[in-house]
Amino acid sequence: MNKEGIIAINKPSGWICTHILKELEKILRKSHFYHEFVNISQNQHHKRQRKSRKLDCRRIKLGHGGTLDPLASGVLVIGIGKGTKNLEQFLQCTKEYQVTALFGCSTDTYDSNGKVLKRMPWSHLTKDIVEKALDNFKGNILQKPPIYSALHMKGKRLYEYVREGLELPEEIKPRPVVVESFDIIKWTHNHEWKEPKDNNNAEEDLESNLKEQNTVNQKDSKFSSFKDDQIKIADNLSDTNKKQELSDNAFTSLEQKAPVATFRVVVSSGTYIRSLIHDLGVFLGSAAHIVELIRYRQGKYKLNENTIDWSKFENEEWENDFIKAISSKNNLDP
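Residue numbers (UniProt numbering): 1 to 334.
1. Return the residue from the list G66, L284 and L303 that minimises the CA-CA distance to S268.
2. What are the start and end residues of each continuous alpha helix (DSSP H) run of 4 or more residues lying completely inside the stretch 276-322, in chain order?
3. Applying the criterion that 16 or more other CB atoms from any shown protein chain within 10 Å of the CB defines a buried residue, is E317 buried or exposed?
4. Are the stretch 164-180 and the stretch 298-307 touching by the rule of at least three beta carbon pairs closer than 8 Å?
5. Buried or exposed: where does Q256 fall if 16 or more other Cβ atoms within 10 Å of its Cβ makes it buried?
6. Does any residue of chain B bring its CB to less than 9 Å from the CB of K156?
7. If you compare alpha carbons, which of L87, I323, D279 and E292 is closest to K61?
8. Measure the C-alpha to C-alpha separation of C17 and Q98 and round it to an integer number of angstroms.
9. Candidates K95, I20, W193 and L21: which alpha carbon is nearest C105's?
10. Ends of the alpha helix (DSSP H) at F90?
11. Give the single residue among H64, P12, L293 and P70 whose Cα lies nearest to the Cα of G83.
12. Can you give the Cα-Cα distance for L125 and K329, rounded to whole angstroms?
13. Roughly how many angstroms separate the alpha carbons of Y34 and I6, rounded to a whole number?
14. Using only CA atoms, which one of I323, K300, L284 and A150 lies nearest to W122?
15. If you compare alpha carbons, which of L332, V265, S327 and G281 is closest to D183?
16. Any idea which residues DSSP pairs D183 with across the strands?
17. Determine the closest residue to A274 out of I172, Y301, G79 and Y148, with distance taken between C-alpha atoms.
18. Please classify K30 as buried or exposed, where buried requires at least 16 neighbouring CB atoms within 10 angstroms.
19. DSSP beta-bridge partners for L71?
20. Can you give the beta carbon distance from P145 to R175, rounded, assuming they're within the 8 Å contact cut?
21. Just list the residues that DSSP pairs C105 with in beta bridges.
22. Cutting at 8 Å between CB atoms, please list the residues of its own chain near I294, excluding the five before and the five after it.
23. Does DSSP put I16 in a helix, a strand or coil?
24. If you compare alpha carbons, which of V178, L158, K26 and E180 is closest to E171?
25. Are residue 362 and S112 closer than 9 Å when you measure CB to CB?
26. Out of G270, Y272, T271 and G281, point me to the one whose CA is closest to P259's CA.
27. Tell me which residue opens and which closes the alpha helix (DSSP H) that A8 is part of.
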């Protein structure tokens, strides 16, 4: 029976992807299903070493096909054994998300795990205004990645500059991405979301996730054309950010609830949903950050259709679904 290939799980919010992989490896190694596989691998790897070598030294090779932020939940593609060699194709495929954003407040990480940077007015926002603004972020656009990302600049990852308190040697350059669809599916002032409190662990969690992120050298995408207003988005956002400062008359009454919007987004590889929401807030003359992010689809994997809920691994109820998934035809196809 095949024990190497690709599966997809429903990652719970609050978990770092590398922690998921470490826990999954422990679960698989202890299971009856992988017992023979681990023993054979151990004998091949350690046949020249002393028999006293601990079994815990053997590892099942695991990797993921595209990280999810600690806050995010949803589809996480995982390669097992030889399946890790096929993960790159999942990094290049289309992804679908449901994202919920709170307006009126921005954070350093662009989500609710970060520290509040500024508060901005939001009383002028309506569902119709936001919906019309979305057209400026659809199609072929230029997007500036967040500083909390694993992208390299002058030999360092961007998040390392923040961690070390260093200034960036140059401005982060916008990159071409494709937003296939960006639709608002809910708008409300009646919600329980709150502005984030100072979270000293947020940066550490996000940095840990980014540090272990699988990175792939992507080929330069060729875009036939860009809408004039879309080309200007990244530069306009940068100029607007420089002009906006935190001030008492910038906020709307804290006794009122700022609006929350939920969006369904389909994007190309390399698109940062955190940046998309942050930039939308700035474009609207306000601010916004993510409070909930769910990856509904990555390639052929769809949430609740061909994914395994992480709770099944925690409750030792995973084996049937796991065997079905890893033994399926065309298992390695994206």
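Just so you know, even glycine gets a beta-carbon here, dropped at the ideal spot from N, CA and C.
Based on what the coordinates show:
1. G66
2. 310-314
3. It is exposed - the Cβ of E317 has fewer than 16 other Cβ atoms within 10 Å.
4. no
5. exposed
6. As a matter of chain content, chain B is missing from the structure shown, which is built from one protein chain.
7. The candidate whose alpha carbon is nearest that of K61 is L87.
8. 19 Å
9. W193
10. E88 to L91
11. H64
12. 49 Å
13. 15 Å
14. L284
15. Comparing Cα-Cα distances from D183 to each of L332, V265, S327 and G281, the minimum goes to V265.
16. R264
17. Reading off the sequence, residue 274 comes out as Arg, not Ala. Of the listed residues, the one whose Cα sits closest to R274 is Y148.
18. exposed
19. According to DSSP, which records beta bridges pairwise, L71 is partnered with nothing at all.
20. The beta-carbon separation of P145 and R175, rounded to 7 Å, stays under the 8 Å limit for a contact.
21. R119
22. A72, S73, G74, Y97, Q98, V99 and L303
23. Secondary structure of I16 (DSSP, three-state): coil.
24. L158
25. Residue 362 is absent from the model: the chain starts at 1 and stops at 334.
26. G281
27. Looking at the DSSP string, A8 is not in any alpha helix (DSSP H); the run it does join, the beta strand (DSSP E), is G5 to K11.
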